[in-house]
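Student:
Chains as they are written, first to last, in full-length UniProt numbering: chain A, 1 to 250; chain B, 1 to 250.
#1: Rounded to the nearest angstrom, how far is the Cβ of residue 188 of chain B from that of residue 112 of chain B, given a contact under 8 Å?
#2: At a CB distance below 8 Å, what residues from the segment 125-157 of chain A approach chain B? Give them in sequence order.
#3: If residue 92 of chain B sits next to residue 8 of chain B, beta carbons under 8 Å apart, how far is it from one beta carbon to the other, in whole angstroms?
#4: Specify the secondary structure class of residue 243 of chain A as computed by DSSP and reduced to three states.
#5: Nearest-angstrom Cα distance between residue 190 of chain A and residue 116 of chain B?
#6: Can you list, in chain order, the stretches of the beta strand (DSSP E) that have 3 or more residues and sit fully within the segment 95-148 of chain B?
#7: Check whether the Cβ atoms of residue 210 of chain A and residue 134 of chain A sit closer than 9 Å, and answer yes or no.
#8: Could you compute how far the alpha carbon of residue 87 of chain A sits from the alpha carbon of residue 62 of chain B?
#9: Under the assumption that residue 77 of chain B contacts residue 52 of chain B (Cβ atoms under 8 Å), give the Cβ distance between them as a whole number of angstroms.
#10: Counting only beta-carbon separations shorter than 9 Å, does residue 119 of chain B have a partner in chain A?
#11: Measuring CA to CA, which of A/59, A/167, A/235 and A/84 is closest to residue 37 of chain A?
#12: Could you say if the segment 152-163 of chain A and the segment 121-134 of chain B meet the contact criterion of at least three C-beta pairs nearer than 8 Å?
#13: With which residues is residue 172 of chain A paired in a DSSP beta bridge?
#14: Is residue 44 of chain A helix, strand or coil when you go by DSSP?
#15: Would you mind reading off the limits of the beta strand (DSSP E) that contains residue 65 of chain B?
#16: Any C-beta of chain A sitting closer than 9 Å to the C-beta of residue 59 of chain B?
#17: Considering Cα atoms alone, identify which of A/28, A/54 and A/204 is closest to residue 48 of chain A.
#18: For chain B, find out if any of its Cβ atoms is closer than 9 Å to the Cβ of residue 72 of chain A; answer yes or no.
#19: Applying a beta-carbon distance threshold of less than 7 Å, which residues of chain A neighbour residue 56 of chain B?
#20: DSSP on residue 188 of chain B, reduced to helix/strand/coil?
#21: Checking the sheet assignment: what are the DSSP bridge partners for residue 4 of chain A?
#22: I'd like the ranges of any beta strand (DSSP E) spanning at least 3 consecutive residues and lying wholly in the segment 192-244 of chain A.
#23: Between the alpha carbons of residue 99 of chain A and residue 64 of chain A, how many angstroms are there, rounded?
#24: Of all the residues that make up the segment 99-123 of chain B, which are near chain A by a beta-carbon distance shorter than 9 Å?
#25: May I have the straight-line CA-CA distance separating residue 127 of chain B from residue 248 of chain A, to the nearest angstrom?
#26: What residues in the UniProt domain "Pseudouridine synthase I TruA alpha/beta" (146-248) of chain A bring their beta carbon closer than 7 Å to a beta carbon of chain B?
#27: Round the Cβ separation of residue 54 of chain B and residue 237 of chain B to the nearest angstrom and send it over; I've been treating them as touching at under 8 Å.
#28: Considering only their Cβ atoms, is the gap separating residue 50 of chain B from residue 21 of chain B smaller than 9 Å?
#29: Assuming residue 204 of chain A contacts residue 235 of chain A (C-beta within less than 8 Å), just tell me the rounded distance between them.
#30: At 8 Å on the CB atoms, spell out the chain B contacts of residue 77 of chain A, in chain order.
#31: Residue 244 of chain A to residue 6 of chain B, Cα distance in whole Å?
#32: Would you mind working out which of B/144, B/60 and B/231 sits nearest residue 177 of chain B, comparing C-alpha positions?
#33: If you measure between the beta carbons of residue 240 of chain A and residue 200 of chain A, is that distance less than 9 Å?
#34: Suppose you measure from the CA of residue 146 of chain B to the CA of residue 74 of chain A; what does that come to, to the nearest Å?
#35: Please identify the residue among B/30, B/208 and B/72 whose C-alpha is closest to the C-alpha of residue 142 of chain B.
Below, the structure written as structure tokens:
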């Protein structure tokens with residue numbers, strides 16, 4: 001058996017997320033079909049994180065097994081050729097052979113997301129589907145200051161989708177930084193793992209702070225309530241990018 | 001009469017350039033239809049530069065006249081609402097009233113373009129139509145060094161489309177900078193004005209230098225030949241962005 005680790009980029013717009021769905025195209029299905037096209041083997045692709053419909057990836061990690069050896073460099077090129085031919089917006093940025101016990105999901109010890117807001121009155125043109133446009137002026141510094149309330153070890157029930165399958169709502173958020181770059185506001189989040197919708201839920205509430213609709217105290221109340229009904233706003237998937245997965249020894 | 005100056009952003013993919021065409025959608029037509037929708041007047045929109053099919057704009061300047069006054073802030077919002085409703089990928093970033101002798105094209109004393117290359121083997125996903133992917137490694141420093149040959153006052157016949165309507169092929173190129181940002185190579189070009197296809201032609205030849213197919217001497221020979229047949233390569237429109245128009249007193 002040979003295990004291949006992939007680094008993937010995709011445009012989330014055409015997909016119902018990473019995970020295979022019965023009635024909608026998924027990144028997993030596209031990759032498994034490409035792998036079958038290349039190798040003739042039915043493989044199962046595992047990713048470091050699931051993503052929702054419309055969420056993008058700049059460097060998702062994944063793996064799959066093959067019964068026989070295959071040059072990893074040729075594998076990347078062949079998978080890309082199959083993906084491109086099938087009209088997919090998915091690219092294999094890197095492919096390498098890894099040890100049999102390396103697992104894209106279970107070996108992963110850190111994950112990072114980036115959320116992109118365009119803060120302007122005018123509609124998006126080049127960034128349609130790729131950022132969240134907020135018309136009202138938002139205060140990125142106030143958002144950054146409030147974000148620090150969420151950093152650390154907390155029960156994130158308020159910021160968790162009702163569909164979340166995680167055993168516990170308690171997570172440790174390592175970093176939540178907000179910075180402005182002209183009309184853009186970028187939010188970076190890092191943790192060992194996240195709950196379903198956690199980043200979008202945190203971003204939605206920070207956007208309320210940025211627009212002056214919520215104070216920092218309101219954010220603290222929402223967190224402490226441990227109640228999904230106290231969520232201010234869930235940000236749309238358009239602006240969310242999975243940017244990094246960290247593994248031991250990397 | 002009231003003259004309005006616009007700052008425009010658009011995604012060039014759906015358009016046959018700025019200028020109105022009989023059989024293809026254009027940015028000019030979309031804007032004129034939106035202005036008619038807002039004001040009921042048939043206006044003519046003039047831009048600081050024409051752009052080709054597939055070329056993008058981050059801050060094109062334009063103007064049009066109305067027979068009566070209209071609040072410019074409301075005008076921007078109303079034009080955007082009409083453009084969005086019609087499914088256009090065009091946004092009015094700014095609208096202001098200007099003097100009757102201010103002309104988007106004839107008053108313009110400087111223009112700047114940016115060209116975006118993604119230098120990697122993997123196909124594009126999020127940047128399809130928005131950058132030129134070059135698979136072979138390119139040397140951005142060699143491209144920047146060679147680019148300096150083109151800066152200054154030259155006969156740019158080699159770098160001019162056969163369809164160019166400019167009276168003279170002699171232009172002064174003020175700046176042509178090439179820099180690498182990770183897998184991206186960005187080229188910035190500034191001049192009072194450019195010939196048709198000039199930026200794409202210069203970028204195409206610099207890409208040959210970057211891949212080691214051309215030396216700096218080859219670029220000099222191409223320039224000095226003043227012969228379109230000596231052009232190495234015309235870069236695709238995908239990576240080209242009109243980024244700035246400069247006016248006296250700004």
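A virtual CB, placed ideally from N, CA and C, is assigned to each residue, including glycine.
Tutor: Answer, in terms of the structure:
#1: Position 188 of the second chain holds residue 188 of chain B. Position 112 of the second chain holds residue 112 of chain B. Right, their Cβ atoms sit about 7 Å apart.
#2: 125, 126, 128 and 130
#3: Taking the first residue of the second chain as 1, we reach residue 92 of chain B at position 92. Taking the first residue of the second chain as 1, we reach residue 8 of chain B at position 8. The pair is a contact, with the Cβ atoms about 6 Å apart (cut-off 8 Å).
#4: Locating residue 243 of chain A in the first chain gives position 243, counting from the first residue. Strand, per DSSP.
#5: Working through the first chain from its first residue, we reach residue 190 of chain A at position 190. Working through the second chain from its first residue, we reach residue 116 of chain B at position 116. If you take the alpha carbons of residue 190 of chain A and residue 116 of chain B, they lie about 29 Å apart.
#6: 110-119 and 132-134
#7: By one-based count along the first chain, residue 210 of chain A stands at place 210. By one-based count along the first chain, residue 134 of chain A stands at place 134. Contact flag set, yes.
#8: As a first step, residue 87 of chain A must be located in the first chain, where it is residue number 87. As a first step, residue 62 of chain B must be located in the second chain, where it is residue number 62. Roughly 37 Å between the two C-alpha positions.
#9: Stepping through the second chain from its first residue, residue 77 of chain B is reached at position 77. Stepping through the second chain from its first residue, residue 52 of chain B is reached at position 52. With 8 Å as the limit, residue 77 of chain B and residue 52 of chain B do not qualify as a contact, their Cβ atoms being about 30 Å apart.
#10: Here residue 119 of chain B refers to the residue found at position 119 when the second chain is read from its first residue. No - not a single Cβ of chain A is within 9 Å of the one on residue 119 of chain B.
#11: Position 37 of the first chain, counted from the first residue, corresponds to residue 37 of chain A. Residue 37 of chain A has its Cα closest to that of A/84, out of A/59, A/167, A/235 and A/84.
#12: no
#13: Looking up residue 172 of chain A in the first chain gives position 172. In DSSP, residue 172 of chain A forms a bridge with A/153.
#14: By one-based count along the first chain, residue 44 of chain A stands at place 44. Residue 44 of chain A falls in the coil class under three-state DSSP.
#15: Residue numbering aside, residue 65 of chain B sits at position 65 when the second chain is read from its first letter. It spans 56-66 - the beta strand (DSSP E) in which residue 65 of chain B sits, taken as one unbroken run.
#16: Here residue 59 of chain B is taken as the residue at index 59 of the second chain, counted from 1. With 9 Å as the cut-off, residue 59 of chain B does not count as an interface residue toward chain A.
#17: Within the first chain, residue 48 of chain A is the residue found at index 48, counting from 1. When each option's Cα is compared against that of residue 48 of chain A, the closest is A/28.
#18: For this step, residue 72 of chain A is matched to residue 72 along the first chain. By this cut-off, residue 72 of chain A is not an interface position.
#19: Position 56 of the second chain, counted from the first residue, corresponds to residue 56 of chain B. Under the 7 Å cutoff, chain A gives 126.
#20: Position 188 of the second chain, counted from the first residue, corresponds to residue 188 of chain B. Three-state result, residue 188 of chain B: strand.
#21: In the first chain, counting from the first residue as 1, residue 4 of chain A sits at position 4. Bridge partners of residue 4 of chain A: A/64 and A/97.
#22: none
#23: To locate residue 99 of chain A, count along the first chain from 1; it is residue 99. To locate residue 64 of chain A, count along the first chain from 1; it is residue 64. Rounded to the nearest angstrom, the two C-alpha atoms are 11 Å apart.
#24: 120, 121, 122 and 123
#25: Looking up residue 127 of chain B in the second chain gives position 127. Looking up residue 248 of chain A in the first chain gives position 248. Computed Cα separation, rounded: 31 Å.
#26: none
#27: Working through the second chain from its first residue, we reach residue 54 of chain B at position 54. Working through the second chain from its first residue, we reach residue 237 of chain B at position 237. Residue 54 of chain B to residue 237 of chain B, Cβ: 4 Å. Contact.
#28: Counting from 1 along the second chain, the entry for residue 21 of chain B is found at position 21. Counting from 1 along the second chain, the entry for residue 50 of chain B is found at position 50. Not closer than 9 Å, so no.
#29: Indexing the first chain from 1 puts residue 204 of chain A at position 204. Indexing the first chain from 1 puts residue 235 of chain A at position 235. Contact flag correct, Cβ pair sits at about 4 Å.
#30: On the first chain, residue 77 of chain A is found 77 positions in, with the first residue counted as 1. Under the 8 Å cutoff, chain B gives 121.
#31: Indexing the first chain from 1 puts residue 244 of chain A at position 244. Indexing the second chain from 1 puts residue 6 of chain B at position 6. Each residue's alpha carbon lies about 40 Å from the other.
#32: In the second chain, residue 177 of chain B corresponds to position 177, counting from 1. Closest option to residue 177 of chain B, Cα to Cα, is B/144.
#33: Here residue 240 of chain A refers to the residue found at position 240 when the first chain is read from its first residue. Here residue 200 of chain A refers to the residue found at position 200 when the first chain is read from its first residue. Yes, the pair counts as a contact, with Cβ atoms nearer than the cut-off.
#34: As a position in the second chain, residue 146 of chain B is number 146, starting the count at 1. As a position in the first chain, residue 74 of chain A is number 74, starting the count at 1. Each residue's Cα considered, the two are about 34 Å apart.
#35: Translated into the one-based positions of the second chain, residue 142 of chain B becomes position 142. The shortest Cα separation from residue 142 of chain B among B/30, B/208 and B/72 belongs to B/208.
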